[in-house]
Amino acid sequence: MDLDDTPEQAAFRAQARGWLEEHSSEAPVLTGPGALQDEAEILAARRAWQGKLAEAGLAGVTWPKEYGGQGLGPIEQVLSNQEIGRAKVPGILDAIGVGMLGPTIIAHGSEEQKTRYLGAMLHGDEVWCQLFSEPAAGSDLAAVQTRARLQDDGSWRLTGQKVWTTNAQFASYGLLLARTDADVPKHKGLTMFVVPMDAEGVTIRGLRQISGEAEFNEVFFDDVSVGADAVVGGVGNGWGTALTTLMFERVTIGLGGEGLGYNSTRFAGAIAADPDARRNPEVRHQLGEIASELLAVRFTGYRTLTALQKGQIPGPEAGLAKVTIVSGAIKAGDLIADVVGPDALLEDSEWAYMISFLPGLKSAGGTEEILRNTIGERVLGLPPEPRLDKGIPFSELRSKEGAPA
Ligand SMILES: Cc1cc2nc3c(=O)[nH]c(=O)nc-3n(C[C@H](O)[C@H](O)[C@H](O)COP(=O)(O)OP(=O)(O)OC[C@H]3O[C@@H](n4cnc5c(N)ncnc54)[C@H](O)[C@@H]3O)c2cc1C
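FYI, in numbering that gives the first Met the number 0 the residues of the sequence shown are 0 to 404.
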């Protein structure tokens, strides 16, 4: 395998680097001296920066040109991300929209939906959120209980609760998975909807995390009305539509690990700065293990990229990258906490956010146990888990609380 840029990729990289060198002074400063403090100001600056990255062709690189993208392959998107990382400027604000929900609309949406929503999403004018998880439907996502009821005029009424909805507090729209038919088995009666987050009957409540931030929310839908044109991908096809989003989610997390700062050079830097730690064979051994795992993820990521570049859909093995990145980063967080000591967790430490976010990352985008089950069944060919609800209408299953769902 030739891992060097092709002449076309080298030209794309040079163009991205040139633009970033010229414009990085316009990027919002989010950490260190001179960092923006006011949340509204940070949000406005990040939206504007996303717009500039999109205009420069560095965001939504794989999106078709007619919706504002570059019509290029995933490798060019990775090159763009690498150059953004190299320039030490923030990436886009709406990674969930541009990385996962936009591609879902591109794959399953109507022409009207694509024209109406994609441009504003890519430029950060309208941020989106993913309204999938519920209190009793996370790993078992097909168990969602939020109901959508068809009205005589063709519109729908939504009632239910979502949870862990990242960015809902400032999103303009959400992509929501709801149950439209409870009399068929659970994967079959689902439909995907676009919901305006300022619609009457939508209530958003922030959830505060261990890091002190409140990046995700509970969202309640109390008889919220949406039109027939809010359905994405057809009534009853919600599971297939959701799988597209989840595939992009796994790829985004798996390929984006280094962009999230889980980078062995950075970890090595912290250890090298401590004279005792850098001479300690045990610390060096642990760092070596972490570095080799993260390197293995990088090379597995190239295989995923190759599949994407050839127009194939990455298989369940893409989940392996997510499991390995998170376990490597958790080991690195523990090691840094040992070396740096309690100061690593102080608010202004460069490590505090990373360390406190890691337990959450274990669940986001599929938990370790679920991804291991999938790898066992679909990659290694091990016997599947018993599925007692197979073929049974959703209305006959019992929910976690013991009542009929
Ligand atoms: C940082 C973060 C951001 C998120 N953002 C969003 C978002 O924007 N939108 C959204 O819709 N959701 C979001 N989520 C939710 C995320 O998708 C869920 O947390 C995830 O699907 C797991 O569901 P759960 O939390 O309900 O855990 P559960 O499914 O209740 O699992 C609890 C535990 O049981 C284990 N378990 C469950 N089933 C099995 C099984 N069959 N075999 C073995 N073990 C099992 C799990 O591995 C886990 O350890 C986010 C989560 C996090 C942490």
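Backbone N, C-alpha and C fix where the C-beta goes; we use that ideal spot for every residue, glycine too.
Just so it is clear, the structure is predicted and the values come from calculations on it, not from any experiment.
Separation of L293 and S326 (C-alpha to C-alpha, rounded to the nearest whole angstrom) is 10 Å. Taking C-beta separations shorter than 7 Å and ignoring five residues to either side along the sequence, the partners of R249 in its chain run A317, G318, K321, G364 and G365, following chain order.
Within the same chain, Cβ atoms closer than 8 Å to the Cβ of W350 are found at A269, G332, I335, A336, V339, A343 and L344, the five residues on either side in sequence being excluded. At least one heavy atom of ligand 1 lies closer than 8 Å to the C-beta of W163. Under the three-pair Cβ rule at 8 Å, the stretch 225-235 counts as touching the stretch 191-203. Here W238 really is in contact with A141; their C-beta atoms are around 6 Å apart, less than 8 Å. For S355, the shortest C-beta to heavy atom distance toward ligand 1 is 8 Å or greater. A Cβ-Cβ contact shorter than 9 Å links P102 with T244. In the DSSP annotation of this structure, the continuous segment of the beta strand (DSSP E) that includes P195 starts and ends at L189 to P195.
It is roughly 13 Å from the alpha-carbon of V60 to the alpha-carbon of I83. Per the Cβ contact rule, the stretch 205-219 is not in contact with the stretch 281-288 (fewer than 3 Cβ pairs under 8 Å). Straight through space, the alpha carbons of T299 and T251 are spaced by roughly 14 Å. Secondary structure note for R46: its alpha helix (DSSP H) is the uninterrupted segment E38 to E54.
Assigned with DSSP and collapsed to three states, F131 falls in coil, not helix or strand. Assignment of G390 by DSSP, reduced to helix, strand and coil, places it in the coil class.
Taken through DSSP and simplified to helix, strand or coil, Q160 comes out as strand.
Distance from the CA atom of E38 to the CA atom of A44, rounded to whole angstroms, is 10 Å. With a cutoff of 8 Å, Q129 counts as near ligand 1, since its C-beta is closer than that to a heavy atom of the ligand. DSSP places Y261 outside both helix and strand once states are collapsed to three, so it counts as coil.
As a beta-bridge residue in DSSP terms, T165 pairs with F215. T5 is classed as exposed because its beta carbon has fewer than 16 other beta carbons within 10 Å across all chains shown. Rounded to whole angstroms, V162 and P134 show a C-alpha spacing of 6 Å. If you check the CB distance, A55 and H22 come in under 9 Å.
Distances from the CB of A363 to the heavy atoms of ligand 1 include at least one below 8 Å. Of M246, K330 and L381, the smallest CA-CA separation from S263 is found for K330. Look at the beta carbons and you see the stretch 146-158 not touching the stretch 114-128: under three pairs across the two are nearer than 8 Å.
A147 sits in a strand when the DSSP states are folded into three classes.
Within the same chain, Cβ atoms closer than 7 Å to the Cβ of L370 are found at G318, K321 and V322, the five residues on either side in sequence being excluded.
For A136, the three-state secondary structure derived from DSSP is strand. With respect to the 9 Å criterion, A177 and T190 are classified as neighbours on the basis of their beta carbons. Around L381, the same chain offers G375 as residues with beta carbons nearer than 6 Å, after the five sequence neighbours per side are excluded.
In the three-state scheme derived from DSSP, where H, G and I count as helix and E and B as strand, D221 is classed as strand. A Cβ-Cβ separation of about 6 Å places P27 in contact with P89 under the 8 Å criterion. Beta-bridge analysis with DSSP links A177 to T190. In terms of Cβ geometry, P184 and I391 form a close pair [threshold 9 Å].
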